[in-house]
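Heads up: the sequence shown begins at 439 in the numbering used here, then just goes up one per residue.
By construction, the Cβ of each residue, glycine as well, lies at the ideal position given by its N, Cα and C atoms.
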Amino acid sequence: MSKEWLYPEERGLEKNFRTLRPQTLNEFVGQEKIKERLRIYIQAAKERGEPLDHVLLLSPPGLGKTTLAHIIANELGVRIQISSGPAIERPGDLAAILTHLKRGDVFFIDEIHRLRRQVEEVLYPAMEEWKLDIVLGEGPHARSIRLDLAPFTLIG
Numbered sequence: 439m440s441k442e443w444l445y446p447e448e449r450g451l452e453k454n455f456r457t458l459r460p461q462t463l464n465e466f467v468g469q470e471k472i473k474e475r476l477r478i479y480i481q482a483a484k485e486r487g488e489p490l491d492h493v494l495l496l497s498p499p500g501l502g503k504t505t506l507a508h509i510i511a512n513e514l515g516v517r518i519q520i521s522s523g524p525a526i527e528r529p530g531d532l533a534a535i536l537t538h539l540k541r542g543d544v545f546f547i548d549e550i551h552r553l554r555r556q557v558e559e560v561l562y563p564a565m566e567e568w569k570l571d572i573v574l575g576e577g578p579h580a581r582s583i584r585l586d587l588a589p590f591t592l593i594g
């Protein structure tokens, strides 16, 4: 038997749960100074026709960093790609994500402080120059190629 048949009053509740998370800065409760700064920041990026500059959010766990990342993407009208610092184990993992981002997309790294050093070293030129340096092979036969990336917004 389906759950819908047993509990018809619960039909549609799953959809309602998905809408509990704020989708816009106006729906986000509190943090008025931060919201006002983000509004200005987002509007300026839209008027320039450029991706938003990178954003670093600092707070204890559970205070809305992921929600704010979603809101920023929604306010910009772009896609969001989410990962976490511990999940990006190798530079190749990061490369797989970055090469699939489109211009202006938001890339949110939860627990960014837990990124491995070798991943960080690949991330920096991607953030600064929209370039990804990939090393192919090992030892004396190794060679490097440079890939162009679509400009994106990193939120961590």
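Boundaries for Val573: no alpha helix (DSSP H) harbours it, while the beta strand (DSSP E) harbouring it runs 569-574, taken from the DSSP string. The beta carbon of Leu585 lies closer than 6 Å to those of Leu570 in the same chain, with the five residues before and after it left out.
A direct Cα-to-Cα measurement between Arg528 and Arg554 gives close to 8 Å. Between the C-alpha atoms of Arg477 and Phe545 there is a straight-line separation of about 19 Å.
By the criterion of a C-beta distance shorter than 8 Å, Arg552 is surrounded in its chain by Ser522, Gly523, Pro524, once the five residues flanking it on both sides are discounted. Collapsing the DSSP output to three states places Thr462 in coil.
Taking 8 Å as the cut-off, the Cβ atoms of Val557 and Ile526 count as close.
Our two residues, Leu458 and Arg475, have alpha carbons roughly 24 Å apart in a direct line.
Shown here, Ile526 sits in coil according to DSSP, grouped into three states, outside any helix or strand. In the three-state DSSP reduction, Leu592 falls in the strand class (E or B). The continuous alpha helix (DSSP H) containing Leu514 extends over residues 503-514. Taking 8 Å as the upper bound for CB-CB distance, Leu495 and Lys484 are not in contact here, some 20 Å apart. Non-local beta-carbon contacts of Ser497 in its own chain, meaning distances under 7 Å to residues more than five positions away in sequence, involve Lys503 in chain order. Residue nearest to Ala588 within the set Ile550, Thr537, Ile510, Gly577 is Thr537 (criterion: CA-CA distance). Taking the C-beta atoms as reference points, Ile510 is found nearer than 8 Å to Leu490. Straight across, the Cα-Cα distance linking Val573 with Met565 is about 18 Å. Look at Gln519 here: in three-state DSSP terms it is strand.
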